[in-house]
Amino acid sequence: MLVTLVLVEGGCGLLSGFFSRLFGGRGGGDKRTTCSEQGRKTAGGQPLSKKLEQNIQMIRDMFYESSDLRIKEVPLGGRKAPQLCVIHIATLTDHDIVHRDVINPIVVWARPQQLGGLRHRDQVEELKRRVLTAQSVKTVETDTELAGHLLEGNTVILIAGHTSALSVESRGWPGRGIQEPSVEITTRGPRLAFTETIKDNVALLRRRIKDPALTIEQLHVGDKSKTDVRLCYLRDLAPKRLVDELRRRVKAVQTDMILDSGQLENLIRDHPISLFTTMRSTERPDSVASELNDGRIALLLDGTPFALIAPSTFAALFVSAEDHYVGFPASSVLRIIRFVGFGLSVVLTPFYVALTTFHQELVPLPLLLNVAATQTGVPFPVVVSALIAEMVIEVLREAGVRLPQQFGPAVSIVGALVLGQAAVQAGFVPPGLVIVVTTAAIASFSVPRTEVIISFRLIRVALLLMASVLGFMGLVLGTVLVVYHLASLKSLGMPYLALYTPGRVSYLAEDYVLAPQRIKRPVRPTAAANRVRSGPPPELLDPTSGPHRKGTKR
Amino acid sequence: MRKKQQGRQQQGQQQQDVTAETVEPNPQWALQQAQNARRRLRQQQSKGGGKQTPQAPKTVQPQPRISGRQLMLMIALSRFTVMVVFLPVATTGTAGRNAWLAAVLAVLGGMVVGTLAAVLSARFPGQSIGGFARAAAGIPGLVLAAIYAGFYVFIAVAETRLLTALIIDVSLPRTPGWAIVLPILVVAVYGAALGPDTAGRATEILITSLLASLFLALVLLLASRQMEPALLRPVLAFGIRPVLSSTINPIFWFAMSAGLVLALGKYCEPNRLVKSVLAGTAISGMILITMALTATMTLGVGEVVDRFSPLLGVARTVFFRGVVERMDVLLLNTMMIGAIFDMTLFLLVAAVIISDIFRVRGRAVVIVLGMLAVAPLVYRRISVFDLLKLFDVMSSGIMLATVHIGIVGLLLLVALIRGKKGESGQ
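So the sequence lines, in the order shown, correspond to chains A and B.
Just so we're aligned, residue 1 is where the first sequence starts under the numbering used here, counting upward by one.
Just so we're aligned, residue 1 is where the second sequence starts under the numbering used here, counting upward by one.
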């Protein structure tokens with residue numbers, strides 16, 4: 001609210017001038033002048049007054065008598081006039097904390113027998129050290145600071161005759177409890193996901209990385225939303241230049257509101273118009289912990305259960321959290337399957353269109369006759385049929401997502417079956433094409449990152465159009481175009497195709513085919529300051545060699 | 001002033017603070033926001049109002065860099081399609097069954113020319129031929145550099161026209177040439193405009209797919225035909241002369257690496273240039289030797305010479321009953337990846353040289369070169385057979401002597417005589 005005042009200050013000035021001219025210095029202009037003055041005053045961070053009433057009035061003006069602003073005045077030492085005031089915003093504070101840790105101790109302390117003999121100037125120190133039992137008590141000197149504390153959910157205590165106030169941490173608001181991941185579902189591994197409360201998210205992260213090197217910096221974004229952003233990294237692993245760059249980008253964001261990590265991502269990522277996202281988002285604390293251990297940096301935002309991770313690479317699109325929890329052969333095969341799925345989802349339909357439109361000579365005669373027989377009677381060219389089929393599948397998928405959980409899958413399945421069968425029987429789409437298009441659509445879901453699936457579909461449609469014009473040549477041209485684009489992308493200055501482009505076996509083994517950690521010491525990606533990971537645990541070392549053997553002999 | 005300093009110090013401390021469980025409100029942040037609001041208001045007032053839109057922060061783009069390995073792969077990939085599709089026929093046509101021997105000798109010749117260029121480039125680190133030609137030879141040097149850049153555009157255009165003719169012949173007989181050439185040009189211009197570091201990274205992806213395709217094709221080829229090593233004998237039955245004359249054409253193509261080094265060497269560490277040239281030429285040479293050996297052993301000299309491309313010819317006869325036929329179409333389209341990359345790389349080489357001569361932005365030069373290339377690419381009067389004559393022994397020998405050896409050697413000689421040595425421009 002305070003900063004809102006600050007931001008509208010300029011606008012108030014303009015309107016003030018306008019109304020002054022219109023009404024001869026009266027009416028709306030006068031009101032706005034007050035607003036402007038208030039804004040200027042708060043922006044300057046003026047010291048608090050010694051007079052309690054003046055401070056209370058200042059806060060009332062600041063918050064325009066908001067209904068959730070609570071001001072409780074307490075007389076000290078049996079005096080009639082209030083000497084102390086407890087202020088908090090009810091919707092941002094935990095009532096239990098406020099009453100148990102702030103108001104009750106103050107009321108007890110404020111009795112005459114408690115305050116007897118205590119000098120006036122010692123009262124604040126006494127309150128801070130002995131009376132208030134909350135986790136954190138800070139001293140506040142200016143009105144700006146005071147408003148900031150109130151908006152953070154703290155309770156502020158003003159005392160008559162003092163130019164400083166006390167701020168007690170008492171934040172608490174309704175929120176969702178910690179639940180299972182809803183998007184990144186795995187068969188093995190932890191079942192905890194981030195929530196909308198940043199404090200819980202930081203705690204989830206701290207629980208996994210019990211290392212003092214884990215640094216969590218606090219930043220704010222959004223002039224009005226003042227969204228709390230935490231920059232998380234491991235000091236000994238994350239390259240300093242990347243941390244500095246990400247911090248710089250977050251701080252440079254100028255916008256009114258950031259309500260979700262996706263909004264922030266669009267403002268700070270490299271290549272904002274690219275189809276490929278250069279920052280990874282995840283709802284799993286274990287994934288974030290794993291990425292931090294690779295020297296990457298995470299951004300947690302208050303109000304969103306998705307963390308952002310940078311730098312990210314193309315290979316990261318195919319990594320699932322459970323890859324690290326199952327054996328290396330299974331995880332390696334799964335990764336290869338995901339790559340194949342990606343290839344099929346992008347290329348299969350354009351390949352079919354090119355084959356049936358331009359390069360029939362590649363298809364053996366019996367198969368070609370079958371294909372031609374199914375194509376007979378279809379009123380559209382193959383490419384139009386393919387586009388119609390793609391569109392129908394997209395509509396079904398989108399409808400399945402929007403429908404209530406009870407109906408979504410049923411409608412999708414019934415719709416796909418009935419529509420597909422009906423379309424083939426009616427001769428709108430050849431059956432071979434239905435198989436190809438549905439296979440491509442299903443293959444796209446093998447990619448763990450749901451945010452890029454739509455990008456893959458768009459690329460597929462583009463390749464489809466190119467293949468329908470130039471056959472395989474169009475497919476080749478489109479593929480080269482995509483490769484060029486991918487090669488030009490960077491994430492925080494790191495090549496998006498990194499881990500592939502260094503071309504070293506260790507990188508490939510780590511990111512494309514997960515190497516067994518017991519056999520070799522995999523390395524961290526090039527972004528990490530310290531590339532070598534910890535070695536195998538001691539019990540896995542060969543007991544017949546080295547110091548173990550010598551010890552046995554002795 | 002003192003308050004300001006204190007404020008800055010506090011702000012700096014808060015940025016570095018490790019957040020414990022307590023959340024610290026940031027009054028300085030509020031102050032900063034107010035100042036930002038005032039600044040934005042002033043900007044709006046100066047612009048006459050308007051809605052404030054969110055701004056994406058700008059990142060300072062560093063100078064592009066390519067590694068020695070990327071340069072090596074670029075050199076190897078830039079001749080890939082020529083080595084696979086055209087050169088085996090050209091070499092076998094003159095050297096007969098000794099084509100593989102000609103390929104070995106040509107590799108050595110290509111290495112010499114490439115090393116010459118690498119030595120020249122290493123003397124002027126951080127500069128392309130367009131930049132150091134002036135330092136070495138003044139205005140005449142600039143003219144030579146411009147000719148050199150134009151030569152690479154010419155080669156790119158000619159090679160693309162030839163491959164387009166092949167595509168039309170094999171795969172798209174009813175498609176007009178311009179409909180194939182123009183999309184290739186657009187993709188090549190896009191790739192070149194993205195810069196050398198992008199080309200370097202793309203190389204690593206593309207060469208993998210091309211080598212995999214070539215390997216698969218060779219396996220199929222070997223599986224389908226009985227290889228007869230006897231077809232290679234007797235060695236040097238007609239003396240060394242035909243072998244030597246047939247090396248000229250491959251040397252010319254191997255020497256194309258000189259342009260890459262002289263233009264893109266500025267983005268690479270100088271001490272890696274020679275190694276990259278030698279390794280890149282060796283990879284290309286291995287491909288050519290393999291193709292020459294395989295073609296001769298499977299088809300025989302007579303059949304190889306009769307075909308436009310021996311590999312495609314053999315692939316045409318390979319089929320999996322009931323699954324796929326005409327493997328040559330698939331193979332040719334895969335090889336087109338190499339051709340598109342050739343054009344990208346040669347446009348990039350020319351653009352880097354020209355942008356250094358005229359000190360203009362490389363991206364703009366690429367676009368202009370792309371627009372200039374449209375006319376010769378789509379001009380129908382230019383016959384494919386005339387273009388093929390450009391790459392026969394005589395023509396390629398002249399181009400090798402004048403451009404690769406003449407210009408590069410002349411500049412190196414002048415630089416050595418004058419004792420010129422450049423400083424790092426990076």
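C-beta atoms are modelled at their ideal positions from N, C-alpha and C, and glycine is treated no differently.
> Name the chain A residues that come within less than 8 Å of residue 81 of chain B, Cβ to Cβ?
Replying inline: Along the second sequence, read from residue 1 onward, the residue named residue 81 of chain B stands at position 81. Those do not exist, as residue 81 of chain B stays about 12 Å from chain A at its closest Cβ, beyond 8 Å.
>> Taking 8 Å as the threshold (C-beta atoms), are residue 283 of chain A and residue 184 of chain A in contact?
In response: One-based indexing of the first sequence puts residue 184 of chain A at position 184. One-based indexing of the first sequence puts residue 283 of chain A at position 283. Taking 8 Å as the Cβ cut-off, residue 184 of chain A and residue 283 of chain A qualify as a contacting pair.
> Would you say residue 471 of chain A reaches chain B, if we count a Cβ-Cβ gap shorter than 8 Å as a contact?
Replying inline: The count along the first sequence starts at 1 and reaches residue 471 of chain A at position 471. Yes, because at least one Cβ of chain B sits closer than 8 Å to the Cβ of residue 471 of chain A.
> In the segment 229-287 of chain A, which residue ranges form an unbroken alpha helix (DSSP H) of at least 4 residues, counting only runs that do not cross its ends?
Replying inline: 240-252, 261-268
>> If I follow the unbroken beta strand (DSSP E) through residue 70 of chain A, where does it start and stop?
In response: Counted from its first residue, the first sequence places residue 70 of chain A at position 70. Taken as a continuous stretch (DSSP letters only), the beta strand (DSSP E) holding residue 70 of chain A covers 69-75.
>> If distances are taken between C-alpha atoms only, which option among A:125, A:449, A:372 comes closest to residue 312 of chain A?
In response: In the first sequence, residue 312 of chain A corresponds to position 312, counting from 1. Among A:125, A:449, A:372, the Cα nearest to that of residue 312 of chain A belongs to A:449.
> CA-CA distance, residue 383 of chain A and residue 314 of chain A?
Replying inline: Reading the first sequence from its first residue, position 383 is the one you call residue 383 of chain A. Reading the first sequence from its first residue, position 314 is the one you call residue 314 of chain A. Distance between the alpha carbons of residue 383 of chain A and residue 314 of chain A: 29 Å.
>> Please return the same chain residues whose Cβ sits closer than 7 Å to the Cβ of residue 249 of chain A, not counting the five positions on each side in sequence.
In response: For the purposes of this step, residue 249 of chain A is taken as the residue at position 249 of the first sequence. Only 268 meet the Cβ criterion.
> Using the rule of at least 16 other Cβ atoms within 10 Å of the residue's Cβ for burial, across every protein chain shown, is residue 265 of chain B buried or exposed?
Replying inline: Position 265 of the second sequence, counting from 1, holds the residue named residue 265 of chain B. That one is buried.
>> So for residue 123 of chain A, helix, strand or coil by DSSP?
In response: Taking the first residue of the first sequence as 1, we reach residue 123 of chain A at position 123. Three-state DSSP puts residue 123 of chain A in a helix.
>> Between residue 326 of chain B and chain A, is any beta-carbon pair separated by less than 8 Å?
In response: Taking the second sequence and counting its residues from 1, one reaches residue 326 of chain B at position 326. Yes - at least one Cβ of chain A is within 8 Å of the one on residue 326 of chain B.
> What is the rounded straight-line gap between the Cα of residue 23 of chain A and the Cα of residue 259 of chain A?
Replying inline: For the purposes of this step, residue 23 of chain A is taken as residue 23 along the first sequence, with counting starting at 1. For the purposes of this step, residue 259 of chain A is taken as residue 259 along the first sequence, with counting starting at 1. With a pLDDT of 40 at residue 23 of chain A, under the threshold of 50, the modelled position of this residue cannot be trusted; read the value that follows with caution. For residue 23 of chain A and residue 259 of chain A, the distance between alpha carbons rounds to 40 Å.
> Taking C-alpha atoms, which residue in A:461, A:56, A:285, A:171 lies nearest to residue 160 of chain A?
Replying inline: As a working note, residue 160 of chain A is residue 160 in the first sequence. Of the listed residues, the one whose Cα sits closest to residue 160 of chain A is A:56.
> Beta-carbon of residue 480 of chain A versus every beta-carbon of chain B: anything under 8 Å?
Replying inline: The count along the first sequence starts at 1 and reaches residue 480 of chain A at position 480. Closer than 8 Å to some Cβ of chain B, the Cβ of residue 480 of chain A qualifies, so yes.
>> Mapping the DSSP letters down to three states, classify residue 157 of chain A as helix, strand or coil.
In response: By 1-based counting over the first sequence, the position of residue 157 of chain A is 157. In the structure shown, residue 157 of chain A sits in a strand (DSSP, three-state: E or B).
> Thinking C-alpha only, which one of A:83, A:89, A:76 is nearest residue 60 of chain A?
Replying inline: Locating residue 60 of chain A in the first sequence gives position 60, counting from the first residue. Of A:83, A:89, A:76, the residue nearest in Cα terms is A:89.
>> From the DSSP secondary-structure annotation, give me the bridge partner or partners of residue 84 of chain A.
In response: The sequence position of residue 84 of chain A within the first sequence is 84, counting from 1. According to DSSP, which records beta bridges pairwise, residue 84 of chain A is partnered with A:74, A:159.
> Helix or strand or just coil, what does DSSP make of residue 493 of chain B?
Replying inline: There is no way to answer for residue 493 of chain B, as the model of chain B reaches only from 1 to 426.
>> Checking the sheet assignment: what are the DSSP bridge partners for residue 356 of chain A?
In response: One-based indexing of the first sequence puts residue 356 of chain A at position 356. Partner(s): none; residue 356 of chain A has no beta bridge.
> Using DSSP with H/G/I as helix, E/B as strand and the rest coil, what is residue 106 of chain B?
Replying inline: As a working note, residue 106 of chain B is residue 106 in the second sequence. Helix.
>> Counting only C-beta atoms, is residue 329 of chain B closer than 8 Å to chain A at any point?
In response: Locating residue 329 of chain B in the second sequence gives position 329, where the first residue counts as 1. By this cut-off, residue 329 of chain B is an interface position.
> For residue 495 of chain A, which residues in chain B fall below 7 Å Cβ to Cβ?
Replying inline: As a first step, residue 495 of chain A must be located in the first sequence, where it is residue number 495. Simply 201.
> Interface residues of chain B around residue 271 of chain A at Cβ under 8 Å?
Replying inline: Translated into the one-based positions of the first sequence, residue 271 of chain A becomes position 271. In chain order: nothing, as chain B lies at least about 10 Å away.
>> What does the Cβ neighbour count give for residue 210 of chain A, buried or exposed, with the cut at 16 atoms within 10 Å?
In response: Stepping through the first sequence from its first residue, residue 210 of chain A is reached at position 210. So residue 210 of chain A counts as exposed.
>> Does the CB of residue 64 of chain A have a neighbour CB from chain B at under 8 Å?
In response: Looking up residue 64 of chain A in the first sequence gives position 64. Residue 64 of chain A does not count as touching chain B.
> Can you tell me the Cα-Cα spacing of residue 401 of chain B and residue 140 of chain B, whole angstroms?
Replying inline: Within the second sequence, the letter at position 401 stands for residue 401 of chain B. Within the second sequence, the letter at position 140 stands for residue 140 of chain B. If I take the Cα positions, the gap works out to 18 Å.
> Which runs of the alpha helix (DSSP H), 4 residues or longer, sit entirely within the segment 86-163 of chain B?
Replying inline: 87-95, 99-123
>> Contact defined as beta carbons within less than 8 Å: I believe residue 221 of chain A pairs with residue 233 of chain A. What is the distance between those atoms, to the nearest angstrom?
In response: Start at 1 with the first residue of the first sequence, and residue 221 of chain A comes out as number 221. Start at 1 with the first residue of the first sequence, and residue 233 of chain A comes out as number 233. The Cβ separation is near 18 Å, so there is no contact.
>> Check whether chain B comes within 8 Å of residue 385 of chain A, counting only Cβ atoms and requiring the distance to be less than that.
In response: Here the question's residue 385 of chain A lines up with position 385 in the first sequence. By this cut-off, residue 385 of chain A is not an interface position.
>> 8 Å is my cut-off, CB to CB: does residue 399 of chain A come that close to chain B?
In response: As a first step, residue 399 of chain A is located in the first sequence; it is residue number 399 there, counting from the start. No, because no Cβ of chain B sits closer than 8 Å to the Cβ of residue 399 of chain A.
> Within 10 angstroms of its Cβ, does residue 286 of chain A collect 16 or more other Cβ (buried), or is it exposed?
Replying inline: Within the first sequence, residue 286 of chain A is the residue found at index 286, counting from 1. Classification for residue 286 of chain A: buried.
>> Please identify, using Cβ separations under 7 Å, the residues of the segment 317-349 of chain A that lie next to chain B, in order along the chain.
In response: none
> Does the distance from the CB of residue 267 of chain B to the CB of residue 65 of chain B come in under 8 Å?
Replying inline: Here residue 267 of chain B refers to the residue found at position 267 when the second sequence is read from its first residue. Here residue 65 of chain B refers to the residue found at position 65 when the second sequence is read from its first residue. Yes, these two residues count as a Cβ contact at 8 Å.
>> Could you tell me the alpha carbon to alpha carbon distance between residue 422 of chain A and residue 406 of chain A, rounded to whole angstroms?
In response: Numbered from 1 along the first sequence, position 422 holds the residue referred to as residue 422 of chain A. Numbered from 1 along the first sequence, position 406 holds the residue referred to as residue 406 of chain A. Going from the Cα of residue 422 of chain A to the Cα of residue 406 of chain A covers about 25 Å.
> Helix, strand or coil for residue 506 of chain B per DSSP?
Replying inline: For residue 506 of chain B there is no data in the structure shown, the boundaries of chain B being 1 and 426.
> Is the CB-CB distance between residue 284 of chain B and residue 83 of chain B below 8 Å?
Replying inline: Numbered from 1 along the second sequence, position 284 holds the residue referred to as residue 284 of chain B. Numbered from 1 along the second sequence, position 83 holds the residue referred to as residue 83 of chain B. A contact, by the Cβ cut-off of 8 Å.
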